[in-house]
């Protein structure tokens with residue numbers, strides 16, 4: 138499949154029409170989506186209309202934007218006006234938002250085409266996309282395996298060639314981990330760098346929207362379109378973002394890489410071996426690679442699984458059967474609220490809402506929630522100390538390659554362990570990207586993670602580009 | 524529900540009654556078999572969190588966000604808002620341009 142950058146160039150020059158690109162993408166989805174269940178909704182009519190609008194701009198001799206005619210798969214927690222937005226939950230089945238997310242508007246302004254809404258773990262709670270109320274997504278590299286999660290639908294859509302680009306959300310690794318398991322690039326920007334207006338909230342101090350792509354260059358291109366200040370998001374950073382495409386191919390001569398053993402040692406040996414090979418590739422390209430330890434990362438998982446459920450228990454209080462979505466009747470308002478939430482939420486959402494309610498309740502707040510917030514400070518300071526001696530950190534994205542469908546659904550703690558390498562960057566709000574690098578012993582993709590300090594997206598993508606160039610051929614994307 | 528005295532660092536005290544109580548606070552109704560299952564599963568998660576609960580971090584301030592948040596104000600100028608009819612069209616029940624709900628507990632029917 139043609140990459141996003143090349144595709145947009147063809148559409149801009151008039152060599153291909155956006156309508157033709159969209160028809161081909163819709164035909165590919167029609168052939169393959171039934172097996173994979175990557176898309177919950179395909180926006181056929183809207184995509185055709187958007188494509189015709191792009192073609193009209195080209196015909197008029199105006200600039201259709203840097204993503205002209207490029208189909209994009211949108212995670213189903215991004216609001217699309219008038220089009221279903223379910224968050225993978227029965228409680229929002231049939232809901233049609235009255236407004237677009239800012240990122241959806243940014244994509245349209247750049248000439249991109251919203252192809253459809255992708256499957257996800259319910260309210261982004263999960264690491265396998267098996268917690269969706271609408272059935273699991275299958276991994277395009279091996280359909281007996283999970284695609285990772287929670288943004289498994291977008292990762293699978295890009296891996297399957299349904300769309301060159303995708304959008305996901307990453308609260309504890311929900312972009313990077315499925316990218317690793319599906320063999321595509323997935324990136325979480327700095328907290329506040331991409332507007333979250335119109336992203337249905339899970340854990341507001343951790344959530345961030347970011348790109349999926351088949352290669353690093355396309356991911357950087359999409360990130361540059363998304364990044365920027367938005368007055369509709371009070372956590373949006375006011376500074377002007379540094380474009381990452383301009384320096385993407387500058388190489389890593391002299392760049393200091395911290396090979397982080399705390400993001401490697403607990404991983405499967407084949408995954409660890411690929412990370413070490415990626416480090417060798419970087420050293421071969423002129424980077425200064427040194428081993429580094431950040432032992433505080435070990436506490437990240439526990440802190441995350443207190444903070445995220447606590448915030449979720451508050452955010453999900455809005456699903457009360459009053460203003461939108463499902464209502465199950467009851468004799469009074471409280472009975473209606475309870476009946477609605479009991480019928481509308483799946484088991485993982487109930488688990489996390491209860492865990493968060495418990496962690497925030499009187500008598501436990503200090504022992505669990507406030508303590509987890511202190512661990513967050515501990516992890517942030519540990520990152521600061523690491524970045525005094527290195528420019529970026531290198532580690533694994535996920536501890537293993539893709540696992541069997543059903544293997545971990547009955548063991549929440551085993552599922553949570555998937556996020557152990559990705560969580561630290563969410564606690565600190567730092568950017569990080571997963572890049573495909575070869576395969577595990579089972580032949581499935583391995584993802585290598587590049588972590589950078591706040592607003593370090595440009596150096597992060599530069600390093601990622603060299604990792605991608607050094608990856609073994611014939612695997613990954 | 525167990526009292527604060529039992530929430531000492533590293534001690535996981537989650538009981539079946541805690542789960543029933545927390546479910547009620549969260550407006551969730553659990554079957555008996557679900558209470559059993561969730562109690563066991565939440566205990567496992569809290570057991571894992573014992574490593575964090577046991578740390579002495581009294582010297583550190585809690586962080587609620589990765590960046591320092593400040594109140595953001597916009598100019599007080601009229602601008603379009605969401606379309607009322609479009610918003611109300613998504614509600615389960617509407618009456619006279621308002622959200623309709625069942626009686627609030629305690630009121631006469």
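Residue numbers (the numbering used here), protein chains in the order written: chain Y, 138 to 614; chain C, 524 to 632.
Idealized CB from N, CA, C, for every residue including glycine.
(message) What would DSSP say about residue 319/Y, mapped onto helix, strand or coil?
(response) Residue 319/Y: helix per DSSP, three-state reduction.
(message) At a CB distance below 7 Å, what residues from the region 422–445 of chain Y approach chain C? Give them in sequence order.
(response) Cβ contacts with chain C: 436, 439, 440, 442 and 443.
(message) Does chain Y have any CB closer than 8 Å to the CB of residue 600/C?
(response) The beta carbon of residue 600/C does not come within 8 Å of any beta carbon belonging to chain Y, so the residue lies off that interface.
(request) Would you decide whether residue 145/Y is buried or exposed? Buried here means 16 or more other CB atoms lie within 10 Å of its CB. (result) With 16 or more Cβ atoms within 10 Å of its Cβ, residue 145/Y is classed as buried.
(request) Determine the closest residue to residue 376/Y out of 598/Y, 592/Y, 561/Y and 158/Y, with distance taken between C-alpha atoms. (result) Ranking 598/Y, 592/Y, 561/Y and 158/Y by Cα distance to residue 376/Y puts 592/Y first.
(message) Bridge partners for residue 582/Y per DSSP, in chain order?
(response) In DSSP, residue 582/Y forms a bridge with 576/Y.
(request) Might you give, ordered along the chain, the residues of its own chain that have their beta carbon closer than 8 Å to the beta carbon of residue 232/Y, omitting 5 neighbours on each side? (result) Counting only residues of its own chain and dropping the five nearest sequence neighbours on each side, residue 232/Y has a CB closer than 8 Å to the CB of 221, 222, 223, 461 and 462.
(message) Once the 5 residues before and after residue 355/Y are set aside, which same chain residues still bring their CB inside 7 Å of it?
(response) Within the same chain, 140, 141, 142, 301 and 302 come within 7 Å of residue 355/Y by CB-CB distance, once the 5 residues on both sides are set aside.
(message) Just to make sure I have the definition right: I need the residues of chain Y whose C-beta is within less than 7 Å of the C-beta of residue 595/C. Which are they?
(response) Here the neighbours are 371.
(message) Using the Cβ count rule (16 or more neighbours within 10 Å means buried), how would you classify residue 539/C?
(response) Answer is exposed; the Cβ neighbour count stays below 16.
(message) For the region 541–554 of chain C, list every residue whose C-beta sits within 9 Å of some C-beta in chain Y, in sequence order.
(response) Per Cβ criterion, the list reads 541, 542, 544, 545, 546, 547, 548, 549, 550, 551, 552 and 553.
(message) So, under 8 Å CB-CB, residue 255/Y and residue 291/Y are touching, yes? Tell me the CB distance rounded to an integer number of Å.
(response) The beta-carbon separation of residue 255/Y and residue 291/Y, rounded to 5 Å, stays under the 8 Å limit for a contact.
(message) Taking contact to mean 3 or more Cβ pairs, one atom from each stretch, closer than 8 Å, check whether the region 466–481 of chain Y and the region 537–545 of chain Y are in contact.
(response) Contact between the region 466–481 of chain Y and the region 537–545 of chain Y is absent, because fewer than three Cβ pairs lie under 8 Å.
(request) Throw me the rounded Cβ distance for the residue 589/Y and residue 567/Y pair, which I believe falls under 8 Å. (result) About 6 Å separates the two Cβ atoms, so the contact holds.
(request) Go ahead and pull the three-state DSSP assignment for residue 176/Y. (result) Three-state DSSP puts residue 176/Y in a strand.
(message) If I measure Cβ to Cβ from residue 180/Y and keep anything under 8 Å in the same chain, skipping five residues before and after, which residues do I get?
(response) So the qualifying residues of the chain are 217, 220, 251, 252, 253 and 254.
(request) On the DSSP bridge assignment, give the partners of residue 393/Y in chain order. (result) Under DSSP, residue 393/Y forms a beta bridge with 425/Y.
(request) Starting from the beta carbon of residue 509/Y, find every residue of chain C whose beta carbon is closer than 7 Å, and list them in chain order. (result) For a Cβ distance threshold of 7 Å, residue set 575 of chain C lies close to residue 509/Y, ordered along the chain.
(request) Would you please verify whether the beta carbon of residue 278/Y is less than 8 Å from any beta carbon of chain C? (result) No, residue 278/Y lies away from the interface with chain C (no Cβ there is under 8 Å from its Cβ).
(request) Measure the alpha-carbon distance for residue 511/Y versus residue 485/Y and round it to whole angstroms. (result) Taking the straight line joining both Cα atoms gives about 26 Å.
(request) Determine the direct distance from the alpha carbon of residue 426/Y to that of residue 289/Y, and round the result to whole angstroms. (result) Between the alpha carbons of residue 289/Y and residue 426/Y lies a gap of roughly 32 Å.
(message) The alpha helix (DSSP H) that contains residue 444/Y, what's its start and end?
(response) First-last of the alpha helix (DSSP H) with residue 444/Y: 437–452.
(request) Report the neighbours of residue 183/Y on chain C: residues whose CB is nearer than 9 Å to its CB, in chain order. (result) The contacting residues do not exist; residue 183/Y stays about 17 Å from chain C at best.
(request) Check the Cβ-Cβ distances between residue 604/C and every residue of chain Y, and say whether any is below 8 Å. (result) Interface annotation, residue 604/C: not in contact with chain Y, CB-CB separation never under 8 Å.
(request) Leaving out five residues on either side along the sequence, give the residues of the same chain with a beta carbon under 7 Å from the beta carbon of residue 308/Y. (result) Excluding positions up to five away in sequence, the list reads 261, 339, 340, 343, 344, 445 and 563.
(request) Could you say which of 477/Y, 287/Y and 326/Y lies nearest to residue 556/Y if we only look at CA atoms? (result) Residue nearest to residue 556/Y within the set 477/Y, 287/Y and 326/Y is 287/Y (criterion: CA-CA distance).
(message) I'd like to know if residue 609/C contacts chain Y, where contact means its C-beta is closer than 8 Å to some C-beta of that chain.
(response) Closer than 8 Å to some Cβ of chain Y, the Cβ of residue 609/C qualifies, so yes.
(message) Need the endpoints of the beta strand (DSSP E) that residue 598/Y sits in, please.
(response) Boundaries around residue 598/Y are those of the alpha helix (DSSP H), 594–607, since no beta strand (DSSP E) includes it.
(request) Assign residue 572/C to one of two classes, buried (16 or more other C-beta atoms within 10 Å of its C-beta) or exposed (fewer than that). (result) So residue 572/C counts as buried.
(message) Relative to the C-alpha of residue 495/Y, which candidate in 566/C, 611/C and 620/C has its C-alpha closest?
(response) Ranking 566/C, 611/C and 620/C by CA distance to the CA of residue 495/Y puts 566/C first.
(request) Could you check if residue 571/Y is buried or exposed, using at least 16 other CB atoms within 10 Å of its CB as the buried criterion? (result) Residue 571/Y comes out buried.
(request) Would you mind stating whether residue 159/Y and residue 184/Y have Cβ atoms separated by less than 8 Å? (result) For the pair residue 159/Y and residue 184/Y, the CB atoms are nearer than the 8 Å cut-off.
(message) Spatial neighbours of residue 189/Y within its chain, please: C-beta separation below 7 Å, excluding the five flanking residues on both sides.
(response) Cβ within range, chain order: 156.
(message) Beta-carbon within less than 7 Å of residue 527/C's beta-carbon, same chain only, minus the 5 sequence neighbours each way: which residues are those?
(response) For residue 527/C, the predicted structure reports a pLDDT of 39, less than 50, and the residue's modelled location is therefore unreliable. A value from the coordinates is still provided. In its chain, beyond the 5 residues on either side, no residue has a beta carbon closer than 7 Å to the beta carbon of residue 527/C.
(message) For a contact defined as C-beta to C-beta under 7 Å, what are the partners of residue 584/C on chain Y?
(response) What residue 584/C touches in chain Y, judged by beta-carbon distance under 7 Å, is 514, going in chain order.
(request) Can you grab the Cα-Cα spacing for the pair residue 258/Y / residue 267/Y, in whole Å? (result) Cα to Cα, the separation comes out at about 6 Å.
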